[in-house]
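A.B. asks: Could you have a look at this structure, given as structure tokens, before my questions?
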Amino acid sequence: MYAYIDLSNIARTDSVIQSLSWMHYLPTQQSSLNVSNDENNTNNVEDNNQPNPSPIVAIQPLINLYDGWLATGNTNHIVSVTYTSIRPDENLSIPERTNFNLRAHRTEVRLVSWNVPYQKLATVDEKGVIFVWVKHDNRWSLELINDRSHSVIDMAWSHDGRMTVICYEDGFVLVGSVTGQR
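So the sequence shown is residues 1 to 182, counted in the UniProt record's numbering.
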């Protein structure tokens with residue numbers, strides 16, 4: 001595997017990586033999600049007036065397992081996102097920018113977790129502050145901030161990326177949507 005790392009003095013760090021997560025690389029098109037609804041049931045309600053399950057969201061079958069983004073959280077309060085590839089250099093078409101340092105946390109970053117279908121990154125620090133990042137036009141920005149003032153033990157996204165579950169140190173479990181609704 002190749003990791004394209006910026007070798008400038010600014011990029012060097014003596015911090016300890018606390019968490020890492022990898023996501024396969026998708027083109028910049030937003031068409032990576034296909035939502036399928038039953039054409040005969042536009043109200044999403046069956047004949048017996050019981051709601052149908054949510055529409056099915058599926059990732060296109062052409063998943064790229066050769067290239068991707070590696071996210072790491074470290075003790076210096078920084079989230080690093082680096083492009084990685086296992087393709088030979090001559091077959092490689094790398095993105096315009098391959099390294100990003102996301103600086104918003106004020107304490108050690110303990111967890112990083114990709115939401116692959118929605119191309120978002122959730123990061124959690126030792127105080128329990130959760131940031132959800134999204135990449136637009138080759139730039140990362142904060143989309144959501146959640147601060148419950150309790151440490152987070154773990155978090156995970158659902159298979160379709162629409163929901164997340166967050167487990168806190170005090171035993172509280174939060175289930176939320178990708179849009180931030182609880």
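Quick reminder that beta carbons are idealized off the backbone N, C-alpha and C, glycines included.
Could you check if H159 is buried or exposed, using at least 16 other CB atoms within 10 Å of its CB as the buried criterion?
C.D. replies: Classification of H159: exposed, given that the 10 Å Cβ count is below 16.
A.B. asks: Which one of M155, K120 and F172 has the shortest CA to CA distance from V134?
C.D. replies: Cα-wise, what sits closest to V134 is K120.
A.B. asks: With a cut-off of 8 angstroms on the beta carbons, I'd call S15 and N76 a contact; round off their distance for me.
C.D. replies: Rounded, the Cβ-Cβ distance is 4 angstroms, consistent with contact.
A.B. asks: Rounded to a whole number of angstroms, what is the C-alpha to C-alpha distance between R148 and N115?
C.D. replies: One C-alpha to the other measures close to 21 angstroms.
A.B. asks: What's the call for V45, buried or exposed, on a 16-neighbour Cβ count within 10 Å?
C.D. replies: Bear in mind that a pLDDT of 39 at V45, under 50, signals an unreliable position, so the model cannot answer this.
A.B. asks: Check each candidate in G73, L102, Y118 and L111 and name the one with the smallest Cα separation from H24.
C.D. replies: The residue with the shortest Cα to Cα distance from H24 is Y118.
A.B. asks: Run through DSSP, which three-state label would D147 get?
C.D. replies: D147 falls in the strand class under three-state DSSP.
A.B. asks: Between G128 and V152, which are expected to be in contact by the criterion C-beta below 8 angstroms, what is the C-beta distance as a whole number of angstroms?
C.D. replies: That belief holds up - the Cβ atoms of G128 and V152 are roughly 5 angstroms apart, short of 8 angstroms.
A.B. asks: Suppose you measure from the CA of S113 to the CA of G68; what does that come to, to the nearest Å?
C.D. replies: For S113 and G68, the distance between alpha carbons rounds to 14 angstroms.
A.B. asks: Suppose the cutoff is 6 angstroms on Cβ atoms and the five residues either side in sequence are ignored; what does the same chain contact list for T72 look like?
C.D. replies: So the qualifying residues of the chain are I17, L20 and S80.
A.B. asks: Quick one: Cα of V124 to Cα of L65, how far?
C.D. replies: One C-alpha to the other measures close to 26 angstroms.
A.B. asks: Hey, out of V165, R139 and E169, whose CA is closest to H150's CA?
C.D. replies: Residue E169 is the option with its Cα nearest to H150.
A.B. asks: To the nearest whole angstrom, what separates the beta carbons of I130 and N101, a pair I think is in contact under 8 angstroms?
C.D. replies: That belief does not hold up - the Cβ atoms of I130 and N101 are roughly 19 angstroms apart, past 8 angstroms.
A.B. asks: Looking at the secondary structure, which residues open and close the beta strand (DSSP E) in which A71 lies?
C.D. replies: It spans D67 to N74 - the beta strand (DSSP E) in which A71 sits, taken as one unbroken run.
A.B. asks: Going by DSSP in three states, D154 sits in which element: helix, strand or coil?
C.D. replies: The answer is strand: DSSP assigns D154 an E or B state.
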